[in-house]
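Visitor: Pasting a structure below so you can have a look.
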DNA sequence: TGACGATCTTAACTTGGGTTAAGAATATAG
DNA sequence: CTATATTCTTAACCCAAGTTAAGATCGTCA
């Protein structure tokens with residue numbers, strides 16, 4: 002399968018984008034590869050591209066003014082959309098860094114082209130709404146994890162729900178994602194050996 | 002001003018709904034009043050209505066299986082939309098309770114009628130997208146509060162950004178919203194007298 | 001006004017994460 | 001295969017929030 006065929010298949014699954022609607026977008030997709038540590042989008046940059054990850058893992062993180070350390074907000078991996086959603090839809094500067102944690106390959110489309118597609122096709126409009134709902138779900142899940150769960154529960158749920166992330170990301174990044182320091186994660190892991 | 006004129010004005014401000022587009026919706030809005038403690042939508046219920054608050058304050062809360070106590074997730078007040086967003090857009094059972102904290106008045110519209118409006122008018126489609134973006138922002142802000150701020154910082158930001166809520170809601174509900182117990186909020190308040 | 005219920009604060013103790021720094025384990029490259 | 005860097009764990013101490021229960025304050029209504 003070619004890369005655009007993979008994309009077509011994924012978008013069909015996600016939003017019912019059929020071959021005809023997909024063809025409308027064909028001229029717009031561009032491919033880019035990222036090395037480990039390269040940025041998809043940086044702090045204070047306006048995010049102009051919506052990316053589809055063919056391969057690799059990205060992380061979005063925030064830099065705390067006071068503690069000066071990085072706090073991981075989202076991980077994005079293979080067959081997912083990568084985007085700084087708020088910055089993308091409002092075309093305003095981003096509060097986060099989004100960087101590749103591995104060698105990655107992405108197909109991406111420019112915001113202007115996507116808006117053209119929205120105007121041309123109901124299929125694509127539907128896609129836009131579903132991306133919005135996906136973004137909402139990601140954000141809401143994250144809020145719920147922190148509001149209702151302990152760090153230990155978040156750790157267990159990450160292993161259960163996102164083994165792909167757990168198995169491919171160093172523990173100090175996991176700790177940051179869980180909202181705790183590395184030593185605390187070690188303690189949690191030790192605590193659980195008995196269970 | 003009549004109540005529908007208030008609504009028309011608010012929707013115009015929010016999403017550029019003009020008089021003509023608003024008229025399309027006119028037959029669909031219904032008014033309802035809620036007493037203190039009455040539910041807008043309950044746990045396991047599918048949320049079928051999108052409400053616009055003419056007056057009053059609502060809270061959305063989660064009941065923790067283990068601790069068995071209520072955790073406040075959102076407050077909604079005058080001139081805002083009240084809805085269990087995820088349940089509403091997916092028409093699936095809600096994980097939360099949404100109840101009126103005061104005597105409240107709401108104009109609401111049924112999900113089916115709203116979908117009709119989406120099909121009929123680009124203005125309303127735009128409204129739908131903006132509601133999605135608002136929901137995303139609420140959820141993302143909530144996630145950020147918990148990921149990046151201490152309880153003390155959340156408390157100060159609530160006072161600064163939502164004095165209307167702070168001034169109209171008992172402290173034990175505020176504590177729950179901030180993700181802490183009432184005694185902890187008391188300690189924070191005491192700590193800050195000196196500052 | 002006085003009494004009751006609701007709300008808020010305080011105290012004493014427990015618990016778990018933060019912090020810092022050291023050392024162990026694991027990868028990676030030469 | 002060793003040297004080096006990276007990642008992970010551990011220890012010791014600190015501090016803030018949780019928990020529970022008691023008491024103070026505030027509101028409301030008979």
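Residue numbers (the numbering used here), protein chains in the order written: chain A, 2 to 196; chain B, 2 to 196. All C-beta atoms, glycine included, are put in the ideal place defined by N, C-alpha and C.
Under three-state DSSP, which class holds residue 171 of chain A?
Guide: For this step, residue 171 of chain A is matched to residue 170 along the first chain. Reduced to three states, the DSSP call for residue 171 of chain A is coil.
Visitor: Between the region 124-140 of chain A and the region 20-29 of chain A, do three or more beta carbon pairs fall short of 8 Å?
Guide: A contact exists between the region 124-140 of chain A and the region 20-29 of chain A.
Visitor: Taking its Cβ as the centre, do 16 or more other Cβ atoms sit within 10 Å of residue 100 of chain B, making it buried, or is it exposed?
Guide: Translated into the one-based positions of the second chain, residue 100 of chain B becomes position 99. Residue 100 of chain B comes out buried.
Visitor: In chain A, what lies closer than 8 Å to residue 90 of chain B by C-beta?
Guide: Position 89 of the second chain, counted from the first residue, corresponds to residue 90 of chain B. Neighbours of residue 90 of chain B on chain A, chain order: 134.
Visitor: Compare the C-beta of residue 140 of chain A with all C-beta atoms of chain B and state if any pair is closer than 8 Å.
Guide: Counting from 1 along the first chain, the entry for residue 140 of chain A is found at position 139. At least one chain B Cβ lies under 8 Å of residue 140 of chain A.
Visitor: Is there contact between the region 49-65 of chain A and the region 152-162 of chain A, where contact requires at least three CB pairs shorter than 8 Å?
Guide: They do not touch, by the three-pair rule.
Visitor: Quick one: is residue 49 of chain B near chain A, going by C-beta distance under 8 Å?
Guide: Stepping through the second chain from its first residue, residue 49 of chain B is reached at position 48. Not an interface residue.
Visitor: Note down the Cα distance separating residue 173 of chain B from residue 148 of chain B, rounded to an integer number of angstroms.
Guide: Residue mapping note: residue 173 of chain B aligns to position 172 of the second chain, counting from 1. Residue mapping note: residue 148 of chain B aligns to position 147 of the second chain, counting from 1. Whole-angstrom Cα-Cα distance: 22 Å.
Visitor: Please list, in chain order, all residues of the same chain as residue 12 of chain B whose beta carbon is under 6 Å from its beta carbon, the five residues on each side excluded.
Guide: On the second chain, residue 12 of chain B is found 11 positions in, with the first residue counted as 1. Excluding sequence neighbours, residue 12 of chain B sits near 18.
Visitor: DSSP on residue 163 of chain B, reduced to helix/strand/coil?
Guide: For the purposes of this step, residue 163 of chain B is identified with residue 162 of the second chain, where counting begins at 1. DSSP places residue 163 of chain B in coil when its eight states are reduced to three.
Visitor: Buried or exposed: residue 89 of chain A, going by 16 or more other Cβ atoms within 10 Å of its Cβ?
Guide: As a working mapping, residue 89 of chain A is identified with position 88 in the first chain. Residue 89 of chain A is buried by the Cβ-count criterion.
Visitor: Might you give, ordered along the chain, the residues of its own chain that have their beta carbon closer than 7 Å to the beta carbon of residue 37 of chain B, omitting 5 neighbours on each side?
Guide: Working through the second chain from its first residue, we reach residue 37 of chain B at position 36. So the qualifying residues of the chain are 101, 102, 103 and 104.
Visitor: Going by DSSP, what residue range makes up the alpha helix (DSSP H) through residue 143 of chain A?
Guide: As a first step, residue 143 of chain A is located in the first chain; it is residue number 142 there, counting from the start. Residues 123-149.
Visitor: At a cut of 8 Å, does the region 130-148 of chain A reach the region 29-45 of chain A through at least three beta carbon pairs?
Guide: With a cut-off of 8 Å, the region 29-45 of chain A and the region 130-148 of chain A do not count as touching, because too few Cβ pairs lie within range.
Visitor: Pair every Cβ in the region 174-188 of chain A with every Cβ in the region 179-187 of chain B, then say whether three or more of these pairs are closer than 8 Å.
Guide: Because the criterion of three Cβ pairs below 8 Å is not met, the region 174-188 of chain A and the region 179-187 of chain B do not touch.
Visitor: Thinking C-beta only, is residue 75 of chain A closer than 8 Å to residue 58 of chain A?
Guide: On the first chain, position 57 is the one that residue 58 of chain A refers to. On the first chain, position 74 is the one that residue 75 of chain A refers to. Not in contact: residue 58 of chain A and residue 75 of chain A (Cβ atoms no closer than 8 Å).
Visitor: Could you tell me which chain A residues have their CB closer than 9 Å to the CB of residue 87 of chain B, listed as they occur along the chain?
Guide: By one-based count along the second chain, residue 87 of chain B stands at place 86. Neighbours of residue 87 of chain B on chain A, chain order: 134, 137, 138 and 141.
Visitor: For residue 56 of chain A, which beta-bridge partners are listed by DSSP?
Guide: Here the question's residue 56 of chain A lines up with position 55 in the first chain. For residue 56 of chain A, which the question treats as bridged, DSSP gives the partners A:106.
Visitor: Note the first and the last residue of the continuous alpha helix (DSSP H) segment covering residue 73 of chain A.
Guide: Mapped onto the first chain, residue 73 of chain A falls at position 72. Element bounds for residue 73 of chain A: not the alpha helix (DSSP H) but the beta strand (DSSP E), 71-78.
Visitor: Thinking C-alpha only, which one of B:94, B:131 and B:85 is nearest residue 109 of chain B?
Guide: As a working note, residue 109 of chain B is residue 108 in the second chain. Comparing Cα positions, the closest option is B:85.
Visitor: Please state whether the Cβ-Cβ distance between residue 107 of chain B and residue 83 of chain B is less than 8 Å.
Guide: To locate residue 107 of chain B, count along the second chain from 1; it is residue 106. To locate residue 83 of chain B, count along the second chain from 1; it is residue 82. Yes, they are a contact pair.
Visitor: Within 8 Å (strictly less), CB to CB, does residue 72 of chain B reach chain A?
Guide: Residue numbering aside, residue 72 of chain B sits at position 71 when the second chain is read from its first letter. Judged by the 8 Å Cβ criterion, residue 72 of chain B is in contact with chain A.
Visitor: Along chain B, in chain order, which residues have C-beta atoms closer than 7 Å to that of residue 148 of chain A?
Guide: Against the first chain, residue 148 of chain A aligns to sequence position 147. Here the neighbours are 72, 74, 147 and 180.
Visitor: Which residues in chain A sit within 7 Å of residue 65 of chain B, going by Cβ to Cβ distance?
Guide: Residue mapping note: residue 65 of chain B aligns to position 64 of the second chain, counting from 1. Result: 149.
Visitor: Kindly indicate which residue of A:91, A:3 and A:176 has the alpha-carbon position closest to the one of residue 116 of chain A.
Guide: Reading the first chain from its first residue, position 115 is the one you call residue 116 of chain A. For the residues A:91, A:3 and A:176, the minimum Cα distance to residue 116 of chain A belongs to A:91.
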